Amino acid sequence: EKECKRFKKAYNTTKDTTGESLAWFVVALLVRSSAAGELTHDSAADGSGRLRNTPYAVAARHRVAQILSTPELRNCAMDALAPVPSLILNVAENLRHEFIKFLNMGILDGIIQIALAGEHHSSYAIKTLKFISNLDAPDINQVTDQTKLDILELCCNPLKRRRSLDEGFSFQSLSDSERETAEKKILHSCKKIAINVLFNTNDITSLLEDGMCRRSEFITPDWDVDSAFGTKRMVFAYLYDIVVQHGGDISLTSLKDSFEQWDQTTITDKIECAKQVLDPTVFKVWFKTIETGI
Numbered sequence: 007e008k009e010c011k012r013f014k015k016a017y018n019t020t021k022d023t024t025g026e027s028l029a030w031f032v033v034a035l036l037v038r039s040s041a042a043g044e045l046t047h048d049s050a051a052d053g054s055g056r057l058r059n060t061p062y063a064v065a066a067r068h069r070v071a072q073i074l075s076t077p078e079l080r081n082c083a084m085d086a087l088a089p090v091p092s093l094i095l096n097v098a099e100n101l102r103h104e105f106i107k108f109l110n111m112g113i114l115d116g117i118i119q120i121a122l123a124g125e126h127h128s129s130y131a132i133k134t135l136k137f138i139s140n141l142d143a144p145d146i147n148q149v150t151d152q153t154k155l156d157i158l159e160l161c162c163n164p165l166k167r168r169r170s171l172d173e174g175f176s177f178q179s180l181s182d183s184e185r186e187t188a189e190k191k192i193l194h195s196c197k198k199i200a201i202n203v204l205f206n207t208n209d210i211t212s213l214l215e216d217g218m219c220r221r222s223e224f225i226t227p228d229w230d231v232d233s234a235f236g237t238k239r240m241v242f243a244y245l246y247d248i249v250v251q252h253g254g255d256i257s258l259t260s261l262k263d264s265f266e267q268w269d270q271t272t273i274t275d276k277i278e279c280a281k282q283v284l285d286p287t288v289f290k291v292w293f294k295t296i297e298t299g300i
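Quick look at the structure:
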C-alpha cells in the first residue's frame, strides 16, 4: 500500500492517461503469451484459449496477476485490461493451483472492480467471483491469513469499490436493469465467498483479532479511510463479537444469518458495535477519521 501511494504521487496516475497506449501492447503480449486462441473484436475473450505451459507463459500469467493486483497499474492500463478477466477465469477453471497463488497476490480487488464496472469484459469477472465462492476447503486452506482478511474486507463491502473505481471504467456498456442484475450476482457471490472463507478457517477468532489490529502503521491522522483502517474494518469487530458469543465455534447456518444481519445493520449500529469490541486506543483514532472524513 505504501508503494502504491508513492507510485501514484510520483507519476500522477490519476490524471495521466498516456500509460494506456503502452498497456495495450504490454497486456496483449502477456495474454497472448499465456493462452492460444482466436482473437476477438473487443479483446474481451482473448484470454479464453488453450493455456500455454511453457516457463515464459507461466511468467506472463504471473505478471498479469501482478498488474491486476496493483491499483496503480490498473489505473494506468484502463481499458487495455479488457482481455485480463477472461484469462483469469481460464486459469481458475483449468489451473487451480496457479489461481490460488494469484488470490494470495491480491487479485480479488481488481476482479471486483472490473465486475462492478459494467463493461463488456465484466461478465468474466462476475463468473470468476462465482468460481471463488465455490472453492472447497483444501483450496481455502492454501489461502494465507492476510489474504483471507483482504477477502473479508472486500466481500463484506463490495459496493464501496464503486466510490473509488479506477478512472477509465465508463459504466456505459450496461443498461440500468442489466447493471442491477449484475450487482445482485456480485453481492451474492461476495457474501458466499466471505462465508466460505470463514467457515473453512480453523481458528476464526484469531483471524478476526488479527484483522482488527493489522496495519498499525496506518493509524495516523492522515489515514486514507478506504485503504487503511476505515469503515470496511467494522465487519471484523462485528464478526468477532458474533463468534465469541458462539464460543469460537460457529455453524454454517449461524454464519449465514450473521451476514444477513450485517447487511441490514445501520452504520450507526456498526459503529456502536466497533466501540464495544475494538481496542479503545485504536477505535478512538479510527472513529475520529470516520467523523472528519480525513
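Going from the sequence shown to our numbering is simple: count from 1 and add 6. From the three backbone atoms N, C-alpha and C, an ideal C-beta is built for every residue, glycine too. Note that the structure is a prediction, hence the values are computed from the model and not measured.
Local Cβ density within 10 Å of residue i, reported as buried at 16 or more and exposed below that
{"i": "residue 281", "result": "exposed"}
{"i": "residue 118", "result": "buried"}
{"i": "residue 113", "result": "buried"}
{"i": "residue 52", "result": "buried"}
{"i": "residue 192", "result": "buried"}
{"i": "residue 284", "result": "buried"}
{"i": "residue 183", "result": "exposed"}
{"i": "residue 76", "result": "buried"}
{"i": "residue 45", "result": "exposed"}
{"i": "residue 259", "result": "exposed"}
{"i": "residue 208", "result": "exposed"}
{"i": "residue 190", "result": "exposed"}
{"i": "residue 278", "result": "exposed"}
Beta carbon of residue i nearer than 8 Å to that of residue j
{"i": "residue 132", "j": "residue 121", "result": "yes"}
{"i": "residue 126", "j": "residue 50", "result": "yes"}
{"i": "residue 74", "j": "residue 124", "result": "no"}
{"i": "residue 92", "j": "residue 62", "result": "no"}
{"i": "residue 90", "j": "residue 37", "result": "yes"}
{"i": "residue 149", "j": "residue 109", "result": "yes"}
{"i": "residue 273", "j": "residue 210", "result": "no"}
{"i": "residue 195", "j": "residue 158", "result": "no"}
{"i": "residue 139", "j": "residue 199", "result": "yes"}
{"i": "residue 43", "j": "residue 56", "result": "yes"}
Cross-strand partners of residue i (DSSP beta bridge)
{"i": "residue 57", "result": "41"}
Inset, instruction - Examine the Cβ distances between the stretch 241-252 and the stretch 147-166 and report whether three or more of them are shorter than 8 Å. - result: Touching, yes.
Inset, instruction - Count the C-beta pairs between the stretch 26-45 and the stretch 82-95 that are closer than 8 Å, then say yes if the count reaches three, no if not. - result: Flag = yes, the stretch 26-45 and the stretch 82-95 touch.
Inset, instruction - Taking only runs that begin and end inside the stretch 96-176, name each unbroken beta strand (DSSP E) of 3 or more residues, in chain order. - result: Here no run is fully enclosed.
Inset, instruction - Answer yes if the stretch 53-67 comes into contact with the stretch 144-159, meaning at least three C-beta pairs across the two stretches below 8 Å, and no otherwise. - result: Under the three-pair Cβ rule at 8 Å, the stretch 144-159 does not count as touching the stretch 53-67.
Inset, instruction - Would you check if there are 3 or more beta carbon pairs closer than 8 Å linking the stretch 261-273 to the stretch 213-220? - result: With a cut-off of 8 Å, the stretch 213-220 and the stretch 261-273 do not count as touching, because too few Cβ pairs lie within range.
Legend entry - Length at least 4, wholly inside the stretch 253-285: the alpha helix (DSSP H) runs in chain order: Runs found: 258-270 and 273-283.
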